[in-house]
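Novice: Numbered according to the working numbering, the sequence shown spans residues 10 to 113. Just dropping this structure here.
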Amino acid sequence: MFFFIAGVGPRTIALDGQARSCPNCGRFDLRRKRVDEYFSLFFIPLFRVRTGEAFLSCGNCGAVYDEHGEHGREEKVFREQVCPSCGRRRETNFKYCPECGKRF
10 MFFFIAGVGP RTIALDGQAR SCPNCGRFDL RRKRVDEYFS LFFIPLFRVR TGEAFLSCGN
70 CGAVYDEHGE HGREEKVFRE QVCPSCGRRR ETNFKYCPEC GKRF
């Protein structure tokens with residue numbers, strides 16, 4: 010008996026190495042990226058199935074913008090991941106803040 014382990018998964022690709030100034034935090038860590046979907050066989054990406062749209066992402070604060078520098082939909086999701094009592098960033102699957110322990 011022989012099994013194949015295959016599937017389609019996302020892969021983030023950096024489109025250029027040039028860092029830009031982030032309008033949110035001011036640091037030069039805003040880079041142009043794209044999320045493509047690849048067909049993988051035994052967890053090895055073989056070929057691209059779908060090409061995603063390019064966007065700008067800050068590696069420091071996590072802000073996401075479209076290619077023209079306007080806020081993307083992901084920025085709204087990022088702001089919802091901040092604890093209202095202590096202001097620390099959190100994962101979306103947490104029910105309590107890992108820093109202050111208060112319920113979201």
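In this text, a Cβ means the ideal position worked out from N, Cα and C, and glycines have one as well. Since the model is a prediction, treat every value here as computed from it, not as a measurement.
(1) Quick one: using the 10 Å Cβ neighbour count with 16 as the cut-off for buried, is Cys31 buried or exposed?
(2) Which of the three DSSP states, helix, strand or coil, is assigned to Arg88?
(3) Pick from Glu79, Lys104 and Arg112: whose alpha carbon is nearest that of Ser94?
(4) Runs of 3 residues minimum, wholly inside the segment 21-58: which ones carry the beta strand (DSSP E) assignment?
(5) Would a C-beta distance cut-off of 7 Å place Phe48 and Val91 closer than the cut-off?
(6) Measure the alpha-carbon distance for Arg29 versus Met10 and round it to whole angstroms.
Specialist: Judging by the given coordinates:
(1) Here residue 31 refers to the residue found at position 22 of the sequence shown. The residue in question, Cys31, is buried, as its Cβ has 16 or more Cβ neighbours within 10 Å.
(2) What you label residue 88 is simply residue 79 of the sequence shown in a count that begins at 1. Model confidence at Arg88 stands at a pLDDT of 41, short of 50, so the residue's coordinates are unreliable and nothing is read from them.
(3) The count along the sequence shown starts at 1 and reaches residue 94 at position 85. That would be Arg112, whose Cα lies nearest to the Cα of Ser94.
(4) DSSP runs (the beta strand (DSSP E)) wholly in the segment 21-58: 37-50.
(5) Residue 48 sits at position 39 when you count from the first residue of the sequence shown. Residue 91 sits at position 82 when you count from the first residue of the sequence shown. The answer is no: Cβ separation not under 7 Å.
(6) Translated into positions along the sequence shown, residue 29 becomes position 20. Translated into positions along the sequence shown, residue 10 becomes position 1. Going from the Cα of Arg29 to the Cα of Met10 covers about 53 Å.
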